[in-house]
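Using our numbering, the letters of the sequence shown map in sequence onto residues 8 to 188. Ideal Cβ placement from N, Cα and C applies to all residues, glycine included. Structure first, commentary second.
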Amino acid sequence: MGQEKLGHSSRQVTSDTYTSVLPEMMRAEAESVMAVVPRDIPFEERTAPAIPESAWQNGVAVFFAHGARRSGDTWAVGAQPQPGADVLGVISLAGRGQDDAANAAVRWIRDHSTANELGLVRVENFNDQYPEEQRADFSLTRFTVARTESPDAAEWTLPTGLPPAATRTQRKALNRRRKAA
């Protein structure tokens with residue numbers, strides 16, 4: 008695009024504008040990709056997540072994975088449907104910060120969902136909800152999972168009792184009667 012089309016007074020203004028904006032756009036794009044494809048952070052499952060029936064509403068459950076730094080790089084992450092509720096499961100990991108704890112939680116819940124025929128519908132990172140001075144020591148991720156009970160392909164059959172398809176001659180006769188009426 009030329010400076011004229013963009014309304015800039017000179018090529019230098021156009022160049023300066025896009026030279027400063029492009030690196031920021033590229034960084035934002037890279038971060039959005041990392042949000043979709045979390046790093047593979049190894050963890051140890053202490054207790055497998057067990058989602059209670061009371062957490063399910065219309066086949067969907069929402070819960071949080073809350074991580075806290077224990078000492079050094081050791082983190083514990085527990086899943087809960089709400090603050091103060093019983094812990095649904097726990098993992099531990101060695102991670103550099105809240106993003107590592109959140110990424111391990113995502114892999115944990117994704118693996119659990121796959122193994123239990125649940126659909127991981129949505130993952131939301133709430134790390135920014137902590138005050139700046141606490142972010143190094145806590146992480147918070149919200150998960151939405153759904154039961155994936157669907158009929159097997161063998162259960163689908165061709166419908167019966169459908170009216171026979173009208174022939175071309177029958178359609179023409181029907182159209183003539185409609186026009187005459």
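>> On the criterion of 16 or more Cβ atoms from any shown chain inside 10 Å, does G74 qualify as buried, or is it exposed?
In response: buried
> So S146 is in the alpha helix (DSSP H); what residue range does that whole segment cover?
Replying inline: Segment 145–154 is the beta strand (DSSP E) holding S146; no alpha helix (DSSP H) there.
> Where I58 and D47 are concerned, what is the direct C-alpha to C-alpha distance, given to the nearest angstrom?
Replying inline: 24 angstroms
> Going straight from the alpha carbon of I116 to that of T54, what length do you get?
Replying inline: 12 angstroms
>> Among the candidates K179, R77, T155, whose CA atom is the shortest distance from the CA of E124?
In response: T155
> Since V84 and A62 are thought to touch, with beta carbons under 8 angstroms apart, how far apart are those beta carbons, to the nearest angstrom?
Replying inline: Between A62 and V84 the Cβ distance is about 18 angstroms, and since that is not below 8 angstroms, they are no contact.
> What first and last residue would you give for the alpha helix (DSSP H) that runs through I116?
Replying inline: 105–122
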